[in-house]
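Residue numbers (the numbering used here), protein chains in the order written: chain V, 1 to 156; chain S, 1001 to 1156; chain P, 2001 to 2406; chain E, 3001 to 3406.
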Amino acid sequence: MDLKQLYQDIILEHGKNPRNFGKCENHTNEARGHNPLCGDQVQIFLKMNKEKKVENLTFQGSGCAISIASTSIMTELVKGKSIESAKKLIELFLTMIKSSEETKFDECDEDEKTKIMSLSGVTKYPMRVKCATLAWHTLSSAIEGKKQEVNSESID
Amino acid sequence: MDLKQLYQDIILEHGKNPRNFGKCENHTNEARGHNPLCGDQVQIFLKMNKEKKVENLTFQGSGCAISIASTSIMTELVKGKSIESAKKLIELFLTMIKSSEETKFDECDEDEKTKIMSLSGVTKYPMRVKCATLAWHTLSSAIEGKKQEVNSESID
Amino acid sequence: MKINDVKSQFPIFSKKINGKHLVYLDSSNSSQKPIKVINSLDNFYKNEFSNIGRSIHSLAVNATNKFEETRMSVKNFLNANSKEEIIFTKNATESINLVAHTFGQQNINKGDEIIISELEHHSNYVPWHYLRQTKGAVIKFAPIDENGDIIIGELKKLITSKTKIIAVTHLSNVTGTIVPIKEIVEIANKKNIPVLVDGCQSAPHIKIDVKDLNCDFYAISCHKVYGPTGVGILYAKKKWLERLPPYIGGGGMISEVGKEKITYAPLPEKYEAGTMPTAEVVAFNESIKFMEAVGIENIIKHEKELTNYALEKLKKINSINIIGNPKNKAGVISFTMKGIHPHDISTIVDEEGVAIRAGHHCCQVLHQKLNLTATARASIGVYNTKEDIDVLCDSIKKCRKVFELQ
Amino acid sequence: MKINDVKSQFPIFSKKINGKHLVYLDSSNSSQKPIKVINSLDNFYKNEFSNIGRSIHSLAVNATNKFEETRMSVKNFLNANSKEEIIFTKNATESINLVAHTFGQQNINKGDEIIISELEHHSNYVPWHYLRQTKGAVIKFAPIDENGDIIIGELKKLITSKTKIIAVTHLSNVTGTIVPIKEIVEIANKKNIPVLVDGCQSAPHIKIDVKDLNCDFYAISCHKVYGPTGVGILYAKKKWLERLPPYIGGGGMISEVGKEKITYAPLPEKYEAGTMPTAEVVAFNESIKFMEAVGIENIIKHEKELTNYALEKLKKINSINIIGNPKNKAGVISFTMKGIHPHDISTIVDEEGVAIRAGHHCCQVLHQKLNLTATARASIGVYNTKEDIDVLCDSIKKCRKVFELQ
Ligand SMILES: Cc1ncc(COP(=O)(O)O)c(C=O)c1O
Ligand SMILES: Cc1ncc(COP(=O)(O)O)c(C=O)c1O
């Protein structure tokens, strides 16, 4: 195990200065995620336009460096994308975190790839995986317009 | 351990042919005992006269050889005695069964002593002690006119 | 693992009782434990101990993983649909209480009917009796015939529009009756009545497939399945666990707690309050592995052979009366002897190192039906041998001698 | 036993975590086990295993005796009046649920009030919340001051003629507050209100004397008292256990069972349904003997020294904030660090072999009061040393380095 793998500079930086923090105006979708183990919470605000594009994506909440950075990076990556691409990205991310297999980043540019990969250190810390994935599950829930809160204990 | 100590001839004989079995007429006192471990039950019927003497003492119930013999022997020993002497005998019996110390049989004649001693083998079989003592506790309860059933699990 | 190698896996059989080798025929009460189960406990406490689920340090991560591995093994062992359907309890008694209490709270009202059978263990009667007392429910007993089989036709007749649940044993701990659960579930399903199965005696001895049985609830005690004491299992269809209220409340089963409002955790945690029997659950994985290594088919075959052998030999002993003669009988043999009370039998055979049980075996309703207060019971485990049965029979003959019967 | 010899009694400390010696500071969660406890389990399963109470063969007699010996030791350990007042459960959570459920069933009606404190663990809140939901009871929270002490004057004010029970922890698992139970019981007694004490954290760390405290109920988890998982204890005054209805129903807790009527066993069996965690209860006797061999006075002294040492050292670390400063503090030290989330602290110190806990520690109401979602917690056990504290402090300093904080 290597702490520097987990706490890469980009993570620490996003953890300290999260992007897209706050409640965005006129959001069309919203979802809430919750980690009962630590009590941490995240709220996702999504503004979808008529073309099914993510016009804005912001979040509120408290959490550890991993969860804040993961959420912040997620908002950066997904903002401006089509809902279709957003869904693919979520899948890509969750696959990377869960499986030790090599993940294919065909549709990502180098910058995107670097950001996503900065979170890959989590795979070696099983108890922290949920910190990294909660926001992504919550986004997925927001997109689908589900009412129920996402509970990190009920995601695999 | 010695089975022959436990199952002495006198025990087997009383077990097969219990004395004073049945419900005696005009009994003044009555009590019920129950061993929840095996479901065995005993009912004691006591006829006390004006001089506080045990005019009659009988029992009903089912049980193992030890419990039937112990009850049968008890009725034989107690019948005709004063309530005072009956109480003393109960105490004597319970002391003998529980403690490994020598018991003093000052007030008993040889025949009574033999009968009581025939049950002393039980002391080496802790799970069977309750079989031997249930009737005696139940008699005690009958003398005191208690309403509640004697439960072998709640006696020490 | 060959069946002949099984006994050597159990350290206790190298012990002597009253100077004799232990002939353990009380497995329906609780089974002995194979060395791997004992070693797993030892290793976990010595090298890996931590509470699970709550802390995130390395010890806790490892413990949590192992704990969940057992859950997965149990899921496969029972052929459940998902891990969420497997709840760890303290024993089968708690498993049944969990269902009776939560199901009753939600679905039982005054006059509603609960069907159980005359074969039931107190643990599958008292929890329903509580609903009779607190909710005014009615309990109906499906009768058995003189062989000890539940009369399915009679059970069917007991069903009314008020029947809310049927709770029945899979294998009687007195007569050894294997109950046709699938048939009962099919009857119940037609009327939309859920079925709880008391699987205490079946789990160690016959193949269990909850999907095939299609029952709603299945209760097991791990200590009877070659596992440690202190752990039970409740299998329940997910729809029930989602729908029913929680049972024991406390740490680990909540989602969010505020001064006004509390929400509960997802499955299976919703039903696992407080610190679990962590080490014991972890060790139970070895019990399942042991069962699988021997192979359930081999276990069934071996125990069937022994049961038949025992019945043959016992029947030849003067004045023995075997209780029940069900169509499908497992290795539970209860009997009485004319002139000798079961307690006396147990004490005398114990002198020969033979451990059997005497009493009502927590089945007083059944004993009342049979007009008996107590019976003696020899129950077979995977480790028993024909020699064990021989010693049992010899020791029973000795009872007759002690009691000076011809 | 000398305090310096204690650590060597625990096999796990010869193990390395991430290449480092284990510094176990998560004892409030669950304690490690001394070798004699582990060996007792091993020996019982290998040489003596049997279910208790039911069978009368030699193995069962021996097991039953050993089981009851533990009950006697627990009685003495708590200074209870009699063995009948000691009930074995699966954990403290079940102990509290037992009381809440049976007491509630009998004594709580709509509008009745239950007082708990803001310090309570979920296990001493959720069971009472059930009564709020099912019975319409009202829960009042005795507030704490900024030091983490319950404000006794405020608690007093909460009492009305509708107050039916007060349930309060003896020792907070977050702030380490030792609560003046005797004082609370005296206040409650004047109004004839029973008091339940959650003794989970106190049992391993301070002297307990239920006669002196004069409380009505006392709940303990054995796994926190250097014992096996799967066992809890409920002490209750005999009058309550006699008066209250039974809890879990099943084998072992009945007196007579008929189709129409069921009567219950005398104490303590009335509250011990189904097969008990037999081996674990037997082994717990060794935990008590261990505590007695070290001596509770020595334990208190040692842990007090360590706590003071740790507080001194921790306070010197930049940006650390210790949660609570109660009048009487035990070895439970929760803290936060500006700029680093407790989860991150736990992960980083774990790399140095240091096991602490991060989260809300099953005390969300308290965390809401403190305006925090999570804290880090180092909790001390009898085996900890000054070196452990030094490693903890160094590893916390490393957190600041990883996070590039000055
Ligand atoms: C104060 C307190 N109460 C209750 C509990 C619950 O104990 P258990 O999980 O063993 O039931 C705990 C431990 O988690 C505790 O610290
Ligand atoms: C058929 C049956 N049901 C239920 C039980 C109760 O199991 P436990 O005592 O492990 O809760 C038993 C065992 O005693 C049993 O044989």
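For each residue, glycine too, the CB sits at the ideal point set by N, CA and C.
Any chain P beta carbon closer than 8 angstroms to residue i
{"i": "Ile3333(E)", "result": "no"}
{"i": "Met96(V)", "result": "no"}
{"i": "His3170(E)", "result": "no"}
{"i": "Met74(V)", "result": "no"}
{"i": "His34(V)", "result": "yes"}
Same chain only: Cβ atoms within 6 angstroms of residue i, ignoring 5 sequence neighbours per side
{"i": "Gly1022(S)", "result": "Thr1058"}
{"i": "Ser2334(P)", "result": "Val2174, Ile2323, Thr2375, Arg2377"}
{"i": "Leu3078(E)", "result": "Ile3208, Val3210, Tyr3235"}
{"i": "Ser1140(S)", "result": "Ile1090"}
{"i": "Asn2029(P)", "result": "Arg2357"}
{"i": "Lys113(V)", "result": "Phe105"}
Separation of residue j from residue i, as counted between CA atoms
{"i": "Lys157(V)", "j": "Lys115(V)", "result": "Outside the displayed span of chain V (1 to 156) sits residue 157(V), for which this structure offers no information."}
{"i": "Ile2012(P)", "j": "Ile73(V)", "result": "59 angstroms"}
{"i": "His2121(P)", "j": "Asn3097(E)", "result": "25 angstroms"}
{"i": "Ser3221(E)", "j": "Gly3251(E)", "result": "23 angstroms"}
{"i": "Ala2137(P)", "j": "Gly2104(P)", "result": "9 angstroms"}
{"i": "Tyr3045(E)", "j": "Thr3229(E)", "result": "15 angstroms"}
{"i": "Lys3224(E)", "j": "Trp136(V)", "result": "37 angstroms"}
{"i": "His2021(P)", "j": "Asn3018(E)", "result": "47 angstroms"}
{"i": "Leu2405(P)", "j": "Leu2119(P)", "result": "32 angstroms"}
{"i": "Leu2314(P)", "j": "Met3001(E)", "result": "56 angstroms"}
{"i": "Cys2399(P)", "j": "Leu2311(P)", "result": "18 angstroms"}
{"i": "Ile2340(P)", "j": "Ser2319(P)", "result": "10 angstroms"}
{"i": "Ile2166(P)", "j": "Glu55(V)", "result": "56 angstroms"}
Beta carbon proximity, residue i to chain S, threshold 8 angstroms
{"i": "Pro3011(E)", "result": "no"}
{"i": "Glu3305(E)", "result": "no"}
{"i": "Pro2945(E)", "result": "For chain E, the structure presents residues 3001 to 3406; residue 2945(E) sits outside this window and is missing."}
{"i": "Asp2394(P)", "result": "no"}
{"i": "Ile3262(E)", "result": "no"}
{"i": "Glu3272(E)", "result": "no"}
Spatial neighbours of residue i in its chain, beta-carbon cut-off 8 angstroms, leaving aside the 5 residues before and after
{"i": "Lys3238(E)", "result": "Asn3081, Ser3082, Glu3084, Glu3085, Leu3267"}
{"i": "Thr2160(P)", "result": "Glu2113"}
{"i": "Ile2181(P)", "result": "Val2168, His2170, Val2195, Val2197, Leu2213, Cys2215"}
{"i": "Tyr3309(E)", "result": "Lys3386, Ile3389"}
{"i": "Lys2270(P)", "result": "Leu2241, Pro2246, Met2253, Tyr2264"}
Beta-ladder partner(s) of residue i, from DSSP
{"i": "Ile2340(P)", "result": "Met2337(P)"}
{"i": "Glu1030(S)", "result": "Phe1045(S)"}
{"i": "Ile3114(E)", "result": "Ile3139(E), Ile3165(E)"}
{"i": "Gly3359(E)", "result": "Thr3375(E)"}
{"i": "Leu2171(P)", "result": "Ile2178(P)"}
{"i": "Val54(V)", "result": "Met48(V)"}
Cutoff 8 angstroms: residue i Cβ touching any chain E Cβ
{"i": "Met1048(S)", "result": "no"}
{"i": "His1137(S)", "result": "no"}
{"i": "Asn1026(S)", "result": "no"}
{"i": "Asp2026(P)", "result": "yes"}
Residues near residue i by beta carbon distance below 7 angstroms, same chain, minus five either side
{"i": "Asp3026(E)", "result": "Ala3355, Ile3356, Arg3357, Ser3379"}
{"i": "Gly2053(P)", "result": "Thr2064, Gly2252"}
{"i": "Glu2154(P)", "result": "Ala2142, Pro2143"}
{"i": "Ser3073(E)", "result": "Asn3285, Ile3288"}
{"i": "Leu6(V)", "result": "Gly121, Val122, Tyr125"}
(Q) Quick test of the definition: if touching needs 3 or more C-beta pairs under 8 angstroms, does the region 2036 to 2055 of chain P touch the region 3035 to 3046 of chain E? (A) yes
(Q) Count Cβ pairs between the region 1092 to 1101 of chain S and the region 1034 to 1047 of chain S that sit closer than 8 angstroms; are there 3 or more? (A) no
Q.
Between the region 1108 to 1128 of chain S and the region 3056 to 3067 of chain E, can you find at least three pairs of beta-carbon atoms closer than 8 angstroms?
A. yes
Q) Between the region 2335 to 2350 of chain P and the region 1063 to 1082 of chain S, are three or more C-beta pairs nearer than 8 angstroms? A) yes
**Q.** Members of the region 44 to 68 of chain V near chain B, C-beta cut-off 9 angstroms
**A.** Protein chains in the displayed structure are V, S, P and E, and chain B is not among them.
Q) Taking one C-beta from the region 3254 to 3262 of chain E and one from the region 2298 to 2307 of chain P each time, how about it: are there three or more such pairs within less than 8 angstroms? A) no
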